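Quick notes on the structure that follows.
Protein chains: 2
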Amino acid sequence: MLKRYLLAPGPTPVPSNVLLAMASPVIHHRAPDFLPVLDSAKKGLKWLYQTNNDVLILCSTGTGGMVGAVNNFFNKGDSVLVINGGKFGERWTKICRAYNLGVEEITVEWGHAVKPEEVEDRLKKNKDIKGVFVQASETSTGVYHDIKAIASVVKKYEDTLFIVDAISALVAHDLRTDEWGIDIMVGGSQKGLMLPPGIAFVSVSEKAWAKAETSKLPKFYFNFKKERENLARNQTNFTSPVTLIIGLNESLKMLRAEGLENVFKRHETLANATREAVKALGLELYAQESPSNAVTAIMSPPGLDGQAVYKNLREKYGITAAGGQDRARGKVFRIAHLGYSDRFDIITAIAGIEMVLKGMGYPLKFGTGVAVAQELLMAQGG
Amino acid sequence: MLKRYLLAPGPTPVPSNVLLAMASPVIHHRAPDFLPVLDSAKKGLKWLYQTNNDVLILCSTGTGGMVGAVNNFFNKGDSVLVINGGKFGERWTKICRAYNLGVEEITVEWGHAVKPEEVEDRLKKNKDIKGVFVQASETSTGVYHDIKAIASVVKKYEDTLFIVDAISALVAHDLRTDEWGIDIMVGGSQKGLMLPPGIAFVSVSEKAWAKAETSKLPKFYFNFKKERENLARNQTNFTSPVTLIIGLNESLKMLRAEGLENVFKRHETLANATREAVKALGLELYAQESPSNAVTAIMSPPGLDGQAVYKNLREKYGITAAGGQDRARGKVFRIAHLGYSDRFDIITAIAGIEMVLKGMGYPLKFGTGVAVAQELLMAQGG
Chain A
23 MLKRYLLAPG PTPVPSNVLL AMASPVIHHR APDFLPVLDS AKKGLKWLYQ TNNDVLILCS
83 TGTGGMVGAV NNFFNKGDSV LVINGGKFGE RWTKICRAYN LGVEEITVEW GHAVKPEEVE
143 DRLKKNKDIK GVFVQASETS TGVYHDIKAI ASVVKKYEDT LFIVDAISAL VAHDLRTDEW
203 GIDIMVGGSQ KGLMLPPGIA FVSVSEKAWA KAETSKLPKF YFNFKKEREN LARNQTNFTS
263 PVTLIIGLNE SLKMLRAEGL ENVFKRHETL ANATREAVKA LGLELYAQES PSNAVTAIMS
323 PPGLDGQAVY KNLREKYGIT AAGGQDRARG KVFRIAHLGY SDRFDIITAI AGIEMVLKGM
383 GYPLKFGTGV AVAQELLMAQ GG
Chain B
23 MLKRYLLAPG PTPVPSNVLL AMASPVIHHR APDFLPVLDS AKKGLKWLYQ TNNDVLILCS
83 TGTGGMVGAV NNFFNKGDSV LVINGGKFGE RWTKICRAYN LGVEEITVEW GHAVKPEEVE
143 DRLKKNKDIK GVFVQASETS TGVYHDIKAI ASVVKKYEDT LFIVDAISAL VAHDLRTDEW
203 GIDIMVGGSQ KGLMLPPGIA FVSVSEKAWA KAETSKLPKF YFNFKKEREN LARNQTNFTS
263 PVTLIIGLNE SLKMLRAEGL ENVFKRHETL ANATREAVKA LGLELYAQES PSNAVTAIMS
323 PPGLDGQAVY KNLREKYGIT AAGGQDRARG KVFRIAHLGY SDRFDIITAI AGIEMVLKGM
383 GYPLKFGTGV AVAQELLMAQ GG
């Protein structure tokens, strides 16, 4: 028997109570039974998003939410600015180009965070920019972009929307939609929300809704105005993914019981312990600055293939982490501390990394990283 | 305690074994664990679709599959022919128009089936028609359009694709994708496949793939060429809805054990018993011809509101059926016999209808419809 541990940056482990809630008999999405279910999910998402904006619920992966953030608010040829510092930054560019927007990029070296001044600079130079797109946590590099600082820049431009992919950051980072002025923020179920993949969430500000009035890009499945009308009566535009929404209420209940501040603090503690533990092993973080609290990307030691580390973790120890993507492939491996994650998940990850690296000939003393993690984790909840 | 019975045309009841399979620990969609899961689902869908074509698996409702059937194979301004005989026929028109296709409609009176000769007539008159869109089972009216006959017409036109929304027909009707020449056929999880809502399926013929090469409509989330590339290596383009695909394998296993011919026969028997039972109660079917084996739409007796029948079934007897949609609202109520449906579901439905109608003052003798159903159902599996 090889016991399995899911420590990847999505899908993340789903608690048994959530899985079992989703195994309840299916209810009909247009019958009265469902209305309080959606109402509760709607309210819970507003709480999590720290917003009074509508938070739409879509039946799609997070990427579907990203597409909707493009095709509902812009027009062919619109200038937009994409902050591209990783695989998911690239995705914003690809989506915007698929819809024939004029994309200008700030290319951020992988492993680095964007400088908010650079965003300001670009907005000053090109007054036509209608939207700024960024990731909160760039999952491919383990970098967190400073959403608060970027928001304060974009806010000054009346005609420019600020759009955040928070798919992996939501729950792991304190993202203050209304206080900071995030116009559109996309989340997904299979990350911090501790659910299986299948639903996406998108908050939309009044400033963005006003833009939606003039958007002529083709839309049918991701038609946010229709979703908004339906949401007002606790429905979705098409068949609601009822089981996932029931699960969502269960996971929101867990997060509410913990309290938002504690949720963020837990993720910070887990992420920090992971980082310090791997550093104690002589390893380097891929994030040269502003590391994400959702996922830690770790440079594989010189001469060791990051994909082999990832593979050994899974095959020899049952730990499903993640390798590197695209240009980071082979250079890094990644450990998530996201969602249903606690102290001993970190201990498991670090102990596993120690065992795999030692097995691959990397010199280390067992327990070195684990001890550092223990030290830092003991504070949590204690 | 009011025990609940789900007899709506989607979502339909999900068997416990399927629900529990979906409550298994989440696995990672890019890890090797997942490859055999998708491979098995892929093969099972080909079996169910009776096709050697690729059957794509999308994370969306069935409508997402319909959108993909439009945005991957056509271009702005293309002439297409939509057979519009109900709410879902209208949906084809709306989707095609959202993507700026030139839509020509055959308007079929609700409750009637299209005449294949009329399709032939239109195709002869307008040689530019690039696609013919239809529902197999039009859920809003309970009518089955003769897919075999329409396919044999469209087949003669080399430049015209035949696109079938089989969301509610799949499993309930024998639809021979390859033998009849259906280019694109859309299915959804929450109908005959006995799953919660959340995934859609689309089969695509080689003739359609050739068209995809020249389609320039904007696409990113529903990008079928990318899905095809991923499917070849047992992956999906974006995060796979892993739990639903695990559930799909479980429901496909049940269908395979029963055998395709028996599955279709069961639906035919259940549908036929439902129709004859309600006729024995003096009620009329909404389908004036070619009734669907997935759902029966029943005319409410003169003077009785169909919505009230639907409401009483649910509130007094715990039976969630369906009311009428749009212009059929108030005129009909609908009973599904789709997916995880057996003889005593029909008995329950008919007995419930008798009790509700009698309660609303409609003169009938208890057991009249039930007896007719018993007679016809006893043959099934016996």
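So the protein sequences, as listed, match chains A and B. If you're matching positions, the first sequence starts at 23 in the working numbering and goes up one per residue. If you're matching positions, the second sequence starts at 23 in the working numbering and goes up one per residue. Glycine included, every Cβ here is placed at the ideal spot set by N, Cα and C. Here the structure is a predicted model, which is why all the values come from computation and not from measurement.
In this structure, DSSP gives A:L183 an extended state, which the three-state scheme calls strand. Straight through space, the alpha carbons of B:S62 and B:N74 are spaced by roughly 15 Å. One alpha carbon belongs to B:G66, the other to A:R288, and they sit about 43 Å apart.
In this structure, B:A158 is the residue among B:L253, B:A158, B:M377 with its C-alpha nearest to the C-alpha of B:N315.
For B:A358, the enclosing beta strand (DSSP E) begins and ends at 354-358. Sequence-distant Cβ neighbours of A:A230 in its own chain, meaning closer than 6 Å and more than five residues away, are F95, L183, D205, I206.
In this structure, the beta-carbon distance from A:I372 to A:A293 does not fall below 8 Å. The C-beta of B:G86 comes closer than 8 Å to at least one C-beta of chain A. A Cβ of chain A is located within less than 8 Å of the beta carbon of B:L42. Shown here for B:Q310: same chain residues with a beta carbon closer than 7 Å to its own, the five before and five after excluded, namely G133, H134 in chain order.
Under the DSSP assignment, A:M321 falls in the beta strand (DSSP E) whose first and last residues are 317-321. Taking 8 Å as the CB threshold, A:T83 lines the interface with chain B. When Cβ pairs closer than 8 Å are counted between the two stretches, the stretch 78-87 of chain A is seen to touch the stretch 256-276 of chain A, the count reaching three or more.
Counting C-beta pairs with one atom in each stretch, the stretch 107-119 of chain B and the stretch 238-249 of chain B have fewer than three that are closer than 8 Å, which means they do not touch.
DSSP places A:F242 outside any beta strand (DSSP E), giving it a letter other than H or E.
One thing to note: B:R356 has its Cβ no nearer than 8 Å to the Cβ of B:A302. Per DSSP, B:D61 lies in no beta strand (DSSP E); the unbroken alpha helix (DSSP H) holding it starts and ends at 56-71.
In this structure, DSSP gives A:G209 an extended state, which the three-state scheme calls strand.
Counting C-beta pairs with one atom in each stretch, the stretch 336-343 of chain B and the stretch 385-400 of chain A have fewer than three that are closer than 8 Å, which means they do not touch. Legend: CB atoms of the stretch 116-132 of chain B lying less than 8 Å from CB atoms of chain A belong to residues K116, I117, A120, Y121, N122. With respect to chain A, the C-beta atom of B:V104 has no partner C-beta closer than 8 Å. Along the stretch 44-64 of chain A, the positions whose C-beta sits under 9 Å from a C-beta of chain B are M44, A45, S46, P47, V48, I49, H50, H51, R52, A53, P54, D55, read in chain order. Shown here, B:A279 sits in a helix according to DSSP, grouped into three states. Counting every other CB atom within 10 Å of its CB across the protein chains shown gives A:S225 a total of 16 or more, marking it as buried. Counting only Cβ-Cβ distances below 7 Å, A:V36 has contacts in chain B at V48, in chain order. Cβ-Cβ distances below 7 Å link A:D196 to F286 in the same chain, with the five nearest sequence neighbours on each side left out; the list follows chain order.
The contact set of B:G214 on chain A, defined by CB atoms closer than 7 Å, is empty, because the minimum CB distance reaches about 14 Å.
Straight-line measurement puts the Cα of B:T291 at about 41 Å from the Cα of B:D150.
Distance between A:L57 and A:P47, taken at the CA atoms: about 16 Å. In the three-state scheme derived from DSSP, where H, G and I count as helix and E and B as strand, B:P138 is classed as helix.
A:K98 and A:N122 have their alpha carbons spaced roughly 5 Å apart.
If you check the CB distance, A:N93 and A:E272 do not come in under 8 Å. The beta-carbon of A:L197 is placed no less than 8 Å from the nearest beta-carbon of chain B. A distance below 7 Å between beta-carbons, with the five flanking residues on each side excluded, links A:I189 to the following residues of its chain, in chain order: G84, V208, G209, G210, K213. Taken in chain order, the whole beta strand (DSSP E) runs of length 3 or more contained in the stretch 81-139 of chain A are 101-106, 124-129.
Per DSSP, the continuous beta strand (DSSP E) segment holding A:F223 begins and ends at 221-226.
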